[in-house]
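Letter by letter, the sequence shown follows residues -42 to -1, 1 to 293 of mature numbering (1 follows the signal peptide of the UniProt record, and there is no 0). C-beta atoms are modelled at their ideal positions from N, C-alpha and C, and glycine is treated no differently. Before any comments, here is the structure.
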Amino acid sequence: MEIMWKLPSCLSEIRKSLIQTLKQVFNFAFVLLSAFTASVQAATSTVDGGSPPSDSAADLARKTSNPLGGDFIMLINQFDNFFLKGDITDDYQNYNNWAFQPVIPISMKDVIGDGWIWVNRPTINIVLNSDVPDEKEISRRIAAGTLDSSDVPFESVSGFGDISYFALLGKATPTKKWGSGEVVLAGGATFQFPTASRDEIGSGKYSAGPAATAAFIGKRFVLGSLVQQWWDYGSGGNGSGDDVNLTNIQLFYFLNLGGGWQVGGSPIITADWENDSDEVWTVPIGLGVYKTSFFGKLPVKMGLEAQYMPIRPDELGQEYNIRVVITPIIPNIFN
């Protein structure tokens, strides 16, 4: 496990890759927002009671930080551009992932009582032009006796990754502490499915485990975490086929500035317990700017966040990440 605080040695390489990725993201964002604006306006003009959230941008910015969602559906599009480095490569390798995460809360008021919510969130991963070790070339070099363990060959791949899904049952309880807000507690289960289109970007395992979240959604600030744990219980699909014992801890911390603006971050800590002790943890720190605005009647939350991983695997680990988040907010047809 490597703990480092040095500045990047290849700023030009990072800059070039970042510009290329951001161009792809913002081209996609324009198409996405145009499509969702048209569809939501059409839907809300024909469905009784179906209208975009009437909250202000500031209220929506705060409410969309709630892991249980609210009286709306959030269509989270999270683009991560990871820069990886380690013992097996002297150059930065890029791993670009688009995670589509619709957050669908369903009120359980009539079943359990006021404030209870059943929230569903699938995560569909699409890998975009990402560098992974070239296993065929590695095998060829091993056979030829020419493999340099500090300069492993990589190849660029794209495709669908594994799909995950969690379901949480919880409640938001109003409080006057810390400037007033809501305390959110929820628990449930999480699952992973081997849907990857290539071995290089999948686990080849069915996995499941517990999930829980705790958060304070205040008027001044937001603070909380979402924890998921997976163990494999079966094999299938494309992937490495390695045993799964993986912990995922997403932190989120935001300061509400008013007018829909927020400053904060949502880094994801991971622990792969199947690895050697110095390869287990990836711990990022992150800070970004987020803004909730209206495109016609459609509210959209957008953010740009930079992350650095002071603790990461030695062999090959994420060192930096540039995250772009685009979240259209649409009426909740299930409530």
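Three-state class that DSSP yields for THR2 in the structure shown: Here the model assigns THR2 a pLDDT of 46, short of 50, so the residue's position is not dependable, and the following value carries that caveat. The answer is helix: DSSP assigns THR2 an H, G or I state.
Under the three-state DSSP convention, the category ARG20 falls into: Helix, per DSSP.
Whole runs of the beta strand (DSSP E) within the segment 48 to 108, excluding any shorter than 3 residues: Qualifying beta strand (DSSP E) stretches, in chain order: 74 to 91.
Residues that SER14 bridges to, as DSSP identifies them: In the DSSP assignment, SER14 is bridged to no other residue.
First through last residue of the beta strand (DSSP E) which encompasses VAL283: Note, VAL283: beta strand (DSSP E), 275 to 289.
For PRO268 and GLU93, the rounded distance between their alpha carbons: Cα-Cα distance, rounded: 28 Å.
Boundaries of the beta strand (DSSP E) in which PHE292 is found, first to last residue: Annotation: PHE292 is outside any beta strand (DSSP E) and is labelled neither H nor E by DSSP.
Rounded separation between GLY137 and GLY176 - CA only: Rounded to whole angstroms, GLY137 and GLY176 show a C-alpha spacing of 7 Å.
Coil, strand or helix - GLY7 by DSSP: The pLDDT assigned to GLY7 is 44, lower than 50, so where the model puts this residue is not dependable; a value taken from the coordinates is nonetheless given after this. Coil, per DSSP.
GLU263 burial status per 10 Å Cβ neighbour count (16 or more: buried): So GLU263 ends up on the buried side.
Helix, strand or coil at ASP157 according to DSSP, with G and I counted as helix: Reduced to three states, the DSSP call for ASP157 is helix.
Close beta carbons around PHE99, own chain, < 6 Å, minus the five adjacent residues each side: One detail in the question is off: residue 99 reads as Arg in this sequence, not Phe. Excluding residues within five positions, the ones whose Cβ falls inside 6 Å are LEU105.
Alpha-carbon to alpha-carbon, THR250 and LEU18: C-alpha separation (whole angstroms): 7 Å.
6 Å Cβ shell around VAL5 - same chain, five flanking residues per side excluded: Legend: pLDDT at VAL5 = 39, less than 50; position of this residue unreliable, no value from coordinates given.
Endpoints, beta strand (DSSP E) assigned at GLU263: Annotation for GLU263: the continuous beta strand (DSSP E) segment containing it runs 256 to 270.
Residue interval of the beta strand (DSSP E) (run including ASP140): It is worth fixing the name first, because residue 140 is Glu in this sequence and not Asp. 139 to 151 is the extent of the beta strand (DSSP E) around GLU140.
According to DSSP, residues forming a beta bridge with SER193: Looking at the DSSP output, SER193 shares a beta bridge with LYS163.
Straight-line gap, ASN24 to VAL110 (C-alpha atoms, nearest Å): When rounded, the distance between both Cα atoms is 42 Å.
Cβ-Cβ separation, SER155 to GLY117 (assumed contact under 8 Å), whole Å: Right, the Cβ-Cβ distance comes to about 4 Å (below 8 Å), so this counts as a contact.
Inter-residue CB distance, ASN83 and GLY119 (contact presumed, cutoff 8 Å): The Cβ separation is near 3 Å, so the contact holds.
Start-to-end residues for the beta strand (DSSP E) that takes in TRP219: Annotation for TRP219: the continuous beta strand (DSSP E) segment containing it runs 219 to 223.
PRO286 versus LYS259 - alpha carbon distance: Distance from the CA atom of PRO286 to the CA atom of LYS259, rounded to whole angstroms, is 6 Å.
Beta strand (DSSP E) segment containing ASP230, residue limits: Counting along the chain, the beta strand (DSSP E) containing ASP230 begins and ends at 226 to 230.
Short Cβ contact (7 Å threshold) for ALA57 with THR81: The answer is yes: Cβ separation under 7 Å.
Spatial neighbours of VAL77 in its chain, beta-carbon cut-off 6 Å, leaving aside the 5 residues before and after: Closer than 6 Å at Cβ, skipping near neighbours: LEU26, GLY27, PRO63 and LEU126.
ASP236 - partner residues in DSSP beta bridges: Under DSSP, ASP236 forms no beta bridge with any residue.
Beta-carbon proximity check, GLY223 vs LEU213, cutoff 7 Å: Between GLY223 and LEU213, the C-beta gap is not smaller than 7 Å, which leaves the two residues out of contact.
Chain-order list of residues whose beta-carbon lies under 7 Å from that of LEU184 (same chain, five-residue window excluded): If you ignore the 5 residues before and after LEU184, its C-beta comes within less than 7 Å of the C-beta of PRO25, THR171 and GLN208, all in its own chain and listed in chain order.
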